[in-house]
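Protein chains in written order, with our numbering: chain U, 318 to 433; chain L, 18 to 127.
Report on one structure; see the data block that follows.
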């Protein structure tokens with residue numbers, strides 16, 4: 318069964334450093350998302366991406382964040398200058414476009430980001 | 018704004034039935050979904066309701082009442098592996114982003 322993959326599984330970085338989190342969405346999906354989950358809290362929407370551009374972003378997704386689909390398979394989230402409060406699990410998700418299945422988002426296993 | 022309320026924790030015994038409620042407040046409404054998340058794992062889609070009524074998928078069912086801004090997830094014949102967090106999530110506007118509730122931690126006891 319196709320699945321969303323993410324690398325790395327765990328990233329430790331120092332405050333102020335740049336990190337890039339990588340995702341490979343399911344190949345025939347058209348919508349891509351990044352969410353984050355601070356330990357013990359709810360999943361929060363960051364950004365959605367469709368047709369090679371951002372379709373929506375949340376208040377969390379400020380100028381320090383960017384997303385890119387550099388080729389036909391990868392989808393990346395970059396944090397330019399990490400802060401302590403960026404420590405969280407970051408989930409990539411993807412979904413179809415049409416029909417009921419567009420509401421079913423498939424989540425990757427996540428990247429645990431620890432900022433020290 | 019958009020907000021969802023669900024109980025923080027529910028405990029039940031193996032073989033029993035449990036219902037996890039979710040009430041929501043959104044400026045628009047395009048559907049209510051339920052996701053399961055085991056500790057350290059990713060959210061996994063369980064069900065989706067766009068219209069009023071009950072949707073059944075095996076041991077899990079989900080119900081929606083749009084007039085009451087309310088839904089629930091019903092888990093039958095509980096198994097130990099059902100111990101996890103369960104999140105309701107709404108699609109509140111024409112975008113496909115999901116707004117998640119704070120989650121209900123279900124503990125299934127033998």
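Just so it is clear, CB atoms sit at the ideal spot from N, CA and C, and this is done for glycine as well.
Only a predicted model underlies this, so the values are computations on that prediction, with no experimental measurement involved.
Item: Closer than 8 Å to chain U by CB, residue 126 (chain L); Value: no
Item: Inter-stretch contact at 8 Å, needing at least 3 Cβ pairs: the segment 388-406 of chain U / the segment 69-89 of chain L; Value: no
Item: Reduced DSSP secondary structure (H/G/I, E/B, other) of residue 98 (chain L); Value: helix
Item: Residues in the segment 102-123 of chain L having any Cβ partner in chain B nearer than 9 Å; Value: Although the question refers to chain B, the structure presented lacks it and instead comprises the protein chains U and L.
Item: Cβ distance (whole Å) where residue 333 (chain U) is taken to contact residue 398 (chain U) below 8 Å; Value: 5 Å
Item: Distance between residue 32 (chain L) and residue 193 (chain L) (C-alpha atoms, nearest Å); Value: Beyond the ends of chain L as shown, which are 18 and 127, falls residue 193 (chain L); an answer cannot be given.
Item: Outcome for residue 30 (chain L) when other beta-carbon atoms lying within 10 angstroms are tallied against a minimum of 16; Value: exposed
Item: Contacting residues, own chain, Cβ-Cβ under 8 Å from residue 111 (chain L) (five flanking each side not counted); Value: 45 and 47
Item: Exposure of residue 360 (chain U), with buried meaning 16 or more beta-carbon neighbours within 10 Å; Value: buried
Item: Where residue 420 (chain U) sits in the DSSP three-state scheme; Value: helix
Item: Residue 335 (chain U) in three-state terms, based on DSSP; Value: coil
Item: Residue-chain proximity (residue 46 (chain L), chain U), Cβ-Cβ < 8 Å; Value: no
Item: Within 8 Å of chain U by C-beta, residues of the segment 56-87 of chain L in sequence order; Value: 58, 59, 60, 61, 62, 65 and 67
Item: Chain L contact for residue 370 (chain U) (CB, 8 Å cutoff); Value: no
Item: Residue 76 (chain L), buried or exposed, once every other Cβ within 10 Å from all chains shown has been counted against 16; Value: exposed
Item: Runs of beta strand (DSSP E) wholly within the segment 361-406 of chain U (minimum 3 residues, chain order); Value: 370-374, 382-385 and 392-396
Item: Residues near residue 94 (chain L) by beta carbon distance below 7 Å, same chain, minus five either side; Value: 32 and 76
Item: Residues of its chain near residue 393 (chain U), where Cβ-Cβ distance is below 6 Å and the 5 sequence neighbours each way are ignored; Value: 337, 339 and 385
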